[in-house]
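Step one of this worksheet: look at the structure below.
Protein chains: 2
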Amino acid sequence: MLDPHRAPEKSDTAPHPGKPVVGRVSHKGQQTKQSIVEAALALSSQVGLEGISIGAVAEATGRSKSGVFAHFGSREELQISVIREYFRQFEQEVFYPAIREKRGLPRLMALFDHWMRVVANELQFGCIFISGAVDFDDRPGPVRDALAQSVEVWLGAVVRAVHQAKQEGHIHANADEHQVAFEIHGLILAVHYEARFLKKPGSIERALQAFKHIVQRYGTAQALSEFSAA
Amino acid sequence: MLDPHRAPEKSDTAPHPGKPVVGRVSHKGQQTKQSIVEAALALSSQVGLEGISIGAVAEATGRSKSGVFAHFGSREELQISVIREYFRQFEQEVFYPAIREKRGLPRLMALFDHWMRVVANELQFGCIFISGAVDFDDRPGPVRDALAQSVEVWLGAVVRAVHQAKQEGHIHANADEHQVAFEIHGLILAVHYEARFLKKPGSIERALQAFKHIVQRYGTAQALSEFSAA
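Those protein sequences? They're chains R and X, same order as listed. Using the numbering used here, you'd call the opening residue of the first sequence number 326 and step up by one each time. Using the numbering used here, you'd call the opening residue of the second sequence number 326 and step up by one each time.
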């Protein structure tokens, strides 16, 4: 599985002779590019990933279209950069705090806990992993692939956390990691749908409760008492 | 809670004096209207609910814009008619077969079973309850409301089935109907996301397995053995 965050960027590749030098820029240029990506990510929370174009981002940032184009080279590369930036922020807010927790059930619980915090923050803006899936589910191409890979990397992290929890004896040895990750994924999607679209109060509490049910189902008796997850 | 399918249609209301008679038409007119709605629903599986407009539907059905307009009066009313038609079909494919089953756990299991069949069929086309939630989650108005009401009616049917299962002694008396419905809703969203967007094989089987886990968690011992849901 690819980590889209580590996928080579256009700026890392040698430019083709005779083609314009796209994105191969100075440190200051990198900062400019980063600030454009952040503005594009903010814009995508209003217009969706699908609404991101060189022109829309140029207008939102008060830059010329050619100025934005010079950093990305194409609308698709701009959209992919937005996905990478979203993934980077997601990693920082969810993944890194969780891996500071003890391997096994504590880490899995921390992953879900931080994920729920991101979801709670995103209720106002939406999540491009969710809205992007609807925008691009019937549009094959590099943007869809970058989005799907990002989600796969993230779900892979959940599967890994479950696997480690099995190794630590916190989760029953016969549990299917992918089944557990699927059930957890459903809770995230449900809270997003019910809180953001249906505006149902108490959705986050329901997701936390449902996560407890999942932990109770798969957790070993000893782990449940040790980590007060019962 | 409103049943959007039973909400008064424009054609049921007396026309305002001086305004064109919108939708108050003969039996043949009703048939024409129905065939336009069905075509619009099919179109929405490609372009989303948001892509539905008088012009787009006119083009897709080979009619004049004024001809389509005469049946609906506005783009929003056309979109709402599509939602009602989707709901009507959903009711026929999921709700009516389920209420033929025994009250309680058998009916709840049938609801999920038929729901999964619809989801499996929809993987190719998408579900407007899901894509529409993304398209309209930040656009207040009658279309968002009609969509949200349809989903609420449907989730209400699940809550009712769980409640009846408690009355029948099939589900523990202390179970929270809304919590159970939330967990079931998550499975539907997860299977749609993972099978349709991520194209993961085995997603439907995971959802069926996860539904079993929910039934095992909330079901009474007697019901689980009686309906072989264990």
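Note that CB positions come from ideal geometry on N, CA and C, so glycine has one too.
If you check the beta carbons only, do Phe-522 (chain X) and Ala-458 (chain R) fall under 7 Å apart? yes
How long is the line joining the alpha carbons of Ala-506 (chain R) and Phe-412 (chain R), rounded to whole angstroms? 18 Å
When the Cα atoms are used, what is the spatial distance from Ala-472 (chain X) to Ile-405 (chain X)? Checking the displayed sequence, the identity of residue 472 (chain X) turns out to be Leu instead of Ala. So the two alpha carbons sit approximately 8 Å from each other.
Tell me Gly-544 (chain X)'s beta-bridge partners as DSSP assigns them. X:Ile-496
Any C-beta of chain R sitting closer than 7 Å to the C-beta of Leu-448 (chain X)? no
Lys-491 (chain R) classed as buried or exposed, judged by whether at least 16 other C-beta atoms fall within 10 angstroms: buried
Is any beta-carbon of chain R found at less than 7 Å from that of Tyr-411 (chain X)? no
Ser-553 (chain R) - containing alpha helix (DSSP H), residue span: That residue, Ser-553 (chain R), is in no alpha helix (DSSP H); it is neither H nor E in DSSP.
For Lys-524 (chain X) and Val-516 (chain X), what's the separation of their Cα atoms in angstroms? 10 Å
Could you spell out where the alpha helix (DSSP H) holding Phe-412 (chain R) opens and where it closes? 400-415
If you measure between the beta carbons of Ser-370 (chain R) and Phe-461 (chain R), is that distance less than 7 Å? no
Less than 7 Å separating the beta-carbons of Gly-511 (chain X) and Gly-511 (chain R)? yes
Please confirm whether Gly-429 (chain R) and His-503 (chain R) have their CB atoms less than 7 Å apart. no
Interface flag, Gln-404 (chain R) vs chain X, CB-CB below 7 Å: no
I want to verify the contact list: residues of chain R whose CB lies under 9 Å from the CB of His-510 (chain X), in sequence order. Gly-511, Leu-514, Ala-515, Tyr-518 and Glu-519
Which word fits Gln-474 (chain R), buried or exposed, when buried means at least 16 other C-beta atoms lie within 10 angstroms of its C-beta? buried
Please report how far the alpha carbon of Glu-508 (chain R) lies from the alpha carbon of Ser-456 (chain X), in whole angstroms. 21 Å
Quick check on the DSSP output: what are the complete alpha helix (DSSP H) runs of length 4 or more inside the stretch 466-525 of chain X, in order along the chain? 467-492 and 502-516
Cβ-based neighbour list, Ala-535 (chain X), same chain, cut-off 7 Å, excluding 5 preceding and 5 following: Leu-512
Assuming Leu-366 (chain R) and Val-407 (chain R) form a contact by the criterion Cβ under 8 Å, report the distance between their Cβ atoms to the nearest whole angstrom. 5 Å
List, in chain order, every chain R residue whose beta-carbon is nearer than 7 Å to that of Phe-522 (chain X). Ala-458, Asp-462 and Ala-473
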